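Let me begin by presenting the structure, written as structure tokens, before commenting on it.
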Amino acid sequence: MSDDDLIVVCMPVADMLHPVAGAIVQHCEQCGTAVWLAPSSVRVIDRATVLATLRCVPCAVAQMRAAQARGESLECLGLLPEQLDEVKRALDR
Ligand SMILES: [Zn+2]
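In my numbering, the protein residues as written are -10 to 82.
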């Protein structure tokens, strides 16, 4: 994994009983936990020009804290517009 890699943070299936429409089950590449991968995240991964890896929320938080402890800077993209639309549609259901 390099500094430019894309980490896609996914909600564990056990913690999210009602995922957004079209979400598929994948696995955290760190610990193997079953996670939801939303259609918008699939599109982000498809468009990415860097290696994308899936992380459950606990593994992503641990990885971010470890990087901060090493003094490394991390760029967090937050919710992309199409991901926000996806969440809005899920809340309207
Ligand atoms: Zn994990």
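By construction, the Cβ of each residue, glycine as well, lies at the ideal position given by its N, Cα and C atoms. Please read these numbers as outputs of a predicted model, since none were measured by experiment.
Local Cβ density within 10 Å of residue i, reported as buried at 16 or more and exposed below that
i	result
residue 44	buried
residue 71	exposed
residue 20	exposed
residue 83	Past the boundaries of the shown model lies residue 83; the chain is included only from -10 to 82, so the question cannot be answered.
CB contact flag (residue i, residue j, <8 Å)
i	j	result
residue 27	residue -5	no
residue 25	residue 5	yes
residue 78	residue 10	yes
residue 14	residue 41	no
Cβ-heavy atom distance, residue i to ligand 1, below 7 Å
i	result
residue 54	no
C-alpha gap between residue i and residue j, whole angstroms
i	j	result
residue 2	residue 18	14 Å
residue -1	residue 39	18 Å
Where the beta strand (DSSP E) containing residue i begins and where it ends
i	result
residue 15	13 to 16
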